[in-house]
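With numbering that gives the first Met the number 0, letter number 206 in the sequence shown gets 205, and the count goes up by one each step, no holes.
Below is one structure, written out as structure tokens, with a few remarks after it.
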Amino acid sequence: MRTLLRIDSSADRERSRSRAITAAFAEAWLDRGPEFAVVERDLHRQPVPHLADAALHWPPRLRPADAAVPAEAEALQQELIAELLAADVLIVGAPMYNYSLPSSLKAWIDHIHVPGVTADFDIEAHPLLGRPAVIVSPRGLSYDPGSPTDGWDHAVPPLQLIIGTALQMRVTVLTTSLTLADTVPPLAEFRQRAVAEFEAARAEAVALARQL
Ligand SMILES: Cc1cc2nc3c(=O)[nH]c(=O)nc-3n(C[C@H](O)[C@H](O)[C@H](O)COP(=O)(O)O)c2cc1C
Numbered sequence: 000m001r002t003l004l005r006i007d008s009s010a011d012r013e014r015s016r017s018r019a020i021t022a023a024f025a026e027a028w029l030d031r032g033p034e035f036a037v038v039e040r041d042l043h044r045q046p047v048p049h050l051a052d053a054a055l056h057w058p059p060r061l062r063p064a065d066a067a068v069p070a071e072a073e074a075l076q077q078e079l080i081a082e083l084l085a086a087d088v089l090i091v092g093a094p095m096y097n098y099s100l101p102s103s104l105k106a107w108i109d110h111i112h113v114p115g116v117t118a119d120f121d122i123e124a125h126p127l128l129g130r131p132a133v134i135v136s137p138r139g140l141s142y143d144p145g146s147p148t149d150g151w152d153h154a155v156p157p158l159q160l161i162i163g164t165a166l167q168m169r170v171t172v173l174t175t176s177l178t179l180a181d182t183v184p185p186l187a188e189f190r191q192r193a194v195a196e197f198e199a200a201r202a203e204a205v206a207l208a209r210q211l
């Protein structure tokens, strides 16, 4: 069995671009045959709480001696990590919220990034080394190189650092800009570009789902 872990975090239930793209990826993945499975985790509908205790950033052997971690929080963290480690491919819907990540997604990241377990610290082999991860990041405006908003995207870079650099997964980033052109009148002139970028990102997601 080859398992896709599909993570969504958009708070938009009607017209979310990231949900549309992660859904298209999951559908193409399932179309490959009965040995392809999808596990879905919707961080908006079923939020993961904030990290209950800072000690959870470390495995028990690396925690301060007096650390007292609530058993329930420890169990949830183990469940989230096990779900990630069991996935052959990861896709993460990561819309830009206030130039950064939705807080629901950040809470998940805080649980699954554990040095010495999922990331390097004192371990020889990264458990996720080289596994494919796809980050899908729609954003209402544009952040083109050389434009005044160049460098304002703080949604994708931390995910590349955590999922790519720390977890050592093989990351592909799909962005789609100007998604607000549909609903915000002053951006109406960018509708064509928004549609073109969305269609390109969705097509690339489907192509990836067929080959990864
Ligand atoms: C709480 C919130 C904050 C947002 N902040 C930004 C922002 O800082 N920059 C931006 O370009 N778009 C921003 N947007 C617009 C979203 O990035 C855009 O609607 C995107 O398409 C959301 O992803 P989704 O379509 O998957 O829901 C924000 C939207 C919400 C709901």
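The beta-carbon is built from N, C-alpha and C at its ideal position, and this holds for glycine as well.
Could you tell me which residues DSSP puts in a beta bridge with residue i?
i, result
"Thr-174", "Ser-136"
"Ser-99", "Tyr-96"
"Glu-78", "Partner(s): none; Glu-78 has no beta bridge."
"Val-116", "Note: Val-116 sits in no beta bridge, so no partner."
What does the alpha-carbon distance come out to for the pair residue i and residue j?
i, j, result
"Gly-129", "Val-194", "32 Å"
"Ser-212", "Thr-21", "Within the shown structure, residues of the chain are numbered from 0 to 211, placing residue 212 beyond reach of any answer."
"Val-172", "Glu-13", "23 Å"
"Trp-107", "Arg-190", "33 Å"
"Arg-31", "Arg-209", "7 Å"
"Pro-184", "Val-205", "31 Å"
From the DSSP output, in three-state form, read off residue i for me.
i, result
"Ser-17", "helix"
"Phe-197", "helix"
"Asp-30", "coil"
"Leu-213", "Summary: the structure shown does not reach residue 213, with the chain confined to residues 0 through 211, and so no result is reported for it."
"Ala-70", "helix"
Compute the minimum distance between the beta carbon of residue i and the heavy atoms of ligand 1, and state whether it is under 7 Å.
i, result
"Leu-42", "no"
"Arg-31", "no"
"Thr-174", "no"
"Asp-87", "no"
"Gly-139", "yes"
"Ala-10", "yes"
Is it right to say residue i is buried, meaning 16 or more other beta carbons lie within 10 angstroms of its own, or is it exposed?
i, result
"His-110", "buried"
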